[in-house]
Amino acid sequence: MRTTNRISKQIPQAKDPSMTKEKYASLEKKLARLEASRPAAAAEVSRLAELGDFSENVEYQLAKRKLRGINNTILFVENELRQAQIISPKKNATIVALGHTVSVETQGTQKTYTILGSSETNPTKGIISQHSPIGSALLGKKIGEHITITIAGRDVTYTVLSIS
Numbered sequence: 001m002r003t004t005n006r007i008s009k010q011i012p013q014a015k016d017p018s019m020t021k022e023k024y025a026s027l028e029k030k031l032a033r034l035e036a037s038r039p040a041a042a043a044e045v046s047r048l049a050e051l052g053d054f055s056e057n058v059e060y061q062l063a064k065r066k067l068r069g070i071n072n073t074i075l076f077v078e079n080e081l082r083q084a085q086i087i088s089p090k091k092n093a094t095i096v097a098l099g100h101t102v103s104v105e106t107q108g109t110q111k112t113y114t115i116l117g118s119s120e121t122n123p124t125k126g127i128i129s130q131h132s133p134i135g136s137a138l139l140g141k142k143i144g145e146h147i148t149i150t151i152a153g154r155d156v157t158y159t160v161l162s163i164s
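Per the UniProt record's numbering, the sequence shown starts with residue 1, numbered consecutively.
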């Protein structure tokens with residue numbers, strides 16, 4: 001039984017290399033964990049290879065797949081780290097930029113958004129991408145300015161209340 005699952009040798013470019021120092025540090029930790037797990041996975045492949053007959057050795061095929069997955073993930077994380085652009089927002093800013101937390105008012109409700117790179121978004125926690133409709137519209141705005149964006153076919157107006 002053969003269970004190959006190979007990926008392209010090309011490592012994809014990061015769609016949005018912008019990230020916080022915390023995200024960068026978490027990627028470094030992930031890389032360290034992966035590199036630490038690689039020797040054991042390679043040893044398991046070697047051990048199972050000694051059993052012979054690769055075509056019928058499902059455990060060997062699965063161990064190879066696991067090792068290949070570890071290696072591919074290492075390449076991907078290394079590539080992300082190499083391309084990373086650390087977000088360093090200015091303090092006491094008067095203009096919304098990447099990395100800032102922005103309080104806005106819309107339809108009598110106050111909302112707070114932190115604008116980060118695509119890899120760190122979490123809309124339920126108020127963390128939005130710089131490429132999202134709201135995030136991209138807020139970039140470059142000052143306190144007191146209004147933006148209008150179309151959401152689900154209707155125009156919604158936001159007023160910038162504060163930037164931190």
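The C-beta atom is built at its ideal place from N, Cα and C for all residues, glycine as well.
Neighbourhood of residue i by C-beta, 8 angstroms cutoff - its chain only, sequence neighbours within 5 removed
{"i": "G135", "result": "Y113, I115, I128, S129"}
{"i": "I143", "result": "T94, V160, L161, S162, I163"}
{"i": "Y24", "result": "L81, A84, I86"}
Per-residue burial, residue i [other beta carbons within 10 Å of its own, 16 or more giving buried]
{"i": "K64", "result": "buried"}
{"i": "G99", "result": "buried"}
{"i": "I151", "result": "exposed"}
{"i": "E56", "result": "exposed"}
{"i": "V102", "result": "buried"}
{"i": "G59", "result": "Looking at the sequence provided, one finds Glu at residue 59 rather than Gly. It is exposed - the Cβ of E59 has fewer than 16 other Cβ atoms within 10 Å."}
{"i": "K90", "result": "exposed"}
Coarse secondary structure for residue i, derived from DSSP in three states
{"i": "E22", "result": "helix"}
{"i": "Q110", "result": "strand"}
{"i": "N92", "result": "coil"}
{"i": "L98", "result": "coil"}
{"i": "L116", "result": "strand"}
Own chain partners of residue i with C-beta closer than 7 angstroms, once the 5 adjacent residues on each side are dropped
{"i": "T121", "result": "I127, I128, S129"}
{"i": "K30", "result": "V77"}
Integer Cβ distance of residue i from residue j, believed to fall under 8 angstroms
{"i": "L34", "j": "T73", "result": "6 angstroms"}
{"i": "L67", "j": "A41", "result": "4 angstroms"}
Contact set for residue i: own chain, Cβ-Cβ below 6 angstroms, skip 5 residues either direction
{"i": "T20", "result": "I87"}
{"i": "E105", "result": "T159, L161"}
{"i": "L139", "result": "V96"}
{"i": "E44", "result": "A63"}
{"i": "H146", "result": "T157, T159"}
{"i": "G117", "result": "D16, S18, M19"}
Only counting runs of 4 or more residues, tell me where the alpha helix (DSSP H) segments fall wholly within the region 129–154, in order along the chain.
If we require 4 residues or more, the alpha helix (DSSP H) runs fully inside the region 129–154 come out as 133–138.
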